[in-house]
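Colleague: Residue numbers (the numbering used here), protein chains in the order written: chain A, -1 to 121; chain B, 703 to 949.
Even glycine gets a Cβ: it sits at the ideal position worked out from N, Cα and C.
Everything numeric in this text was worked out from a predicted model, so none of it was measured.
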Amino acid sequence: MDIFGNIKKILVELLDIKEEKITPETYIIRELGAESIDFLELAVALNSRFKIEIDDDKIFLEKLRLYLSEAEQENKDAISYLAEKFPFLSVERIKDIAADLDEGPVLKVKDIISYISWRQGFV
Amino acid sequence: MKLKFSGKRILILGGSCEPAVFLAEYTIKAGLFPILTYRNEKGLKKISKKLYSFAGKYESVFLDFADTTSLDSMFCRINDDLDFLVDFAHGNMESLVASANEDDICRYFAENISFRAKILKRAGRVMLKKRNGRLVFVSSSAASRPNLGQGFYAAAKLASEALYKNLGLELGCRGITTVTLRPGYIDSGRGRRYMQTHERETCNITPIKRLLTCKEVAETILFFLSDSACGFNATEISMDGGLIAGK
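#1: Rounded to whole angstroms, how far is the Cβ of A858(B) from the Cβ of Y896(B), which I believe are closer than 8 angstroms?
#2: Of the residues K19(A), I95(A) and I110(A), which one's Cα is nearest the Cα of I77(A)?
#3: With a Cβ-Cβ cutoff of 8 angstroms, do D942(B) and G886(B) count as a contact?
#4: Going by DSSP, what residue range makes up the alpha helix (DSSP H) through R824(B)?
#5: Mind checking E39(A): buried by the 16 CB within 10 Å criterion, or exposed?
#6: Closest to K706(B) by C-alpha separation, out of E903(B), I712(B), A732(B) and C719(B), would be which residue?
#7: Please check if any C-beta of chain B sits within less than 8 angstroms of the C-beta of L105(A).
#8: Can you tell me whether G835(B) is buried or exposed? The criterion is at least 16 other CB atoms within 10 Å of its CB, across all chains shown.
#9: Locate the alpha helix (DSSP H) running through G886(B), then write down its first and last residues.
#10: Let me see if you follow: with CB-CB separation under 8 angstroms, is V10(A) close to chain B or not?
#11: Does any C-beta atom of chain A lie closer than 8 angstroms to the C-beta of E996(B)?
#12: If I'm right that L105(A) touches Y25(A) with Cβ under 8 angstroms, what's the distance once you round it to whole angstroms?
#13: Would you identify the three-state DSSP class for M897(B), choosing helix, strand or coil?
#14: Can you give me the Cβ contacts of I992(B) inside the same chain, cut-off strictly under 7 angstroms, excluding the 5 residues immediately before and after it?
#15: Mapping DSSP to helix, strand and coil, what is V788(B)?
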């Protein structure tokens, strides 16, 4: 099973939702309603399934807003700063995230895929 | 009453102290498999000597709160398989707050709070995989009523209690619960040494007029590990013969 298939399977089990609801473009909090405890379980499940260490802060973009505020305080370019902090995300994705912030939590299934691929050395 | 347990493998931190060894014996008799931690050869020998008749029914594993690598190797050794955790481990630091060595303060809190937080993070994640786990922290009545010179000890105990409490709050919905036991003076280790010089005054202020025994503490913890006690979560229970109840 590919990375997306594995993540989808885990999310279906954890959140008790139908598989059809999950695509790489799905927002994990906004659309699937995941809570902090779900993220903790997701990290544990990903660690178990892919045998890689999971950095919760990174994979779930937990410090995104903090980094944006740091970039502003230090007069740094926000996109470059975020690219430094989240090396598994493409610049295009980071730009999308920055433009989407006002709508709510930005984390999508494809961000998790990117992190796993990056940790496995595929990116 | 016959106690029932959801799980088998129990990690006992500070496994070489007397109440821990008593507990190990009780857990073996209850059909559980204890894994006792030790931090030096002396501790290992103590465990082996006391549990010699239970060879093969328990394990001992090295863990030093001052050595982060020992944490990795311990979790590697227990193979990420854990149902219970009982935490007796705690370093002592007796000093008046205003006279403590500043390096000692940092070291003491790093070992007794930060390191414990790392253990709880790992244990919580291991238990999450099973959606089952029970943790008991053995605190002290000194957490709420310290003697002079026990400020750092009490602070570390209170901070640790808070970590256990929050773990129970956060993971209770996933079947992982915690309870803190605050024993008073126990006829063992630190309590016994203290009693050698303070016996009369200690008995005077303790309504039951005696020390707790290791056996009593171990039996109580065994109960807290059982299914019957799962309603106790994210809370502290005093077991001090009434010590802190009066003035």
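Modeller: Looking at the coordinates:
#1: Incorrect: roughly 18 angstroms between the Cβ atoms, too far for contact.
#2: The alpha carbon of I77(A) has as its nearest neighbour, out of K19(A), I95(A) and I110(A), the alpha carbon of I95(A).
#3: A contact, by the Cβ cut-off of 8 angstroms.
#4: Counting along the chain, the unbroken alpha helix (DSSP H) around R824(B) starts and ends at F817 to K832.
#5: Classification for E39(A): buried.
#6: It is A732(B).
#7: It does not: the Cβ of L105(A) has no partner Cβ on chain B nearer than 8 angstroms.
#8: The residue in question, G835(B), is buried, as its Cβ has 16 or more Cβ neighbours within 10 Å.
#9: For G886(B), there is no enclosing alpha helix (DSSP H), as DSSP marks it with neither H nor E.
#10: Answer no: the Cβ-Cβ gap between V10(A) and chain B never drops below 8 angstroms.
#11: Absent from the structure is residue 996(B), since the part of chain B shown begins at 703 and ends at 949.
#12: So it is a contact: roughly 7 angstroms between Cβ atoms.
#13: Note: M897(B) maps to helix in three-state DSSP.
#14: Look at the range of chain B in this structure, 703 to 949, and you will see that residue 992(B) is not part of it.
#15: In the structure shown, V788(B) adopts extended strand secondary structure according to DSSP, grouped into three states.
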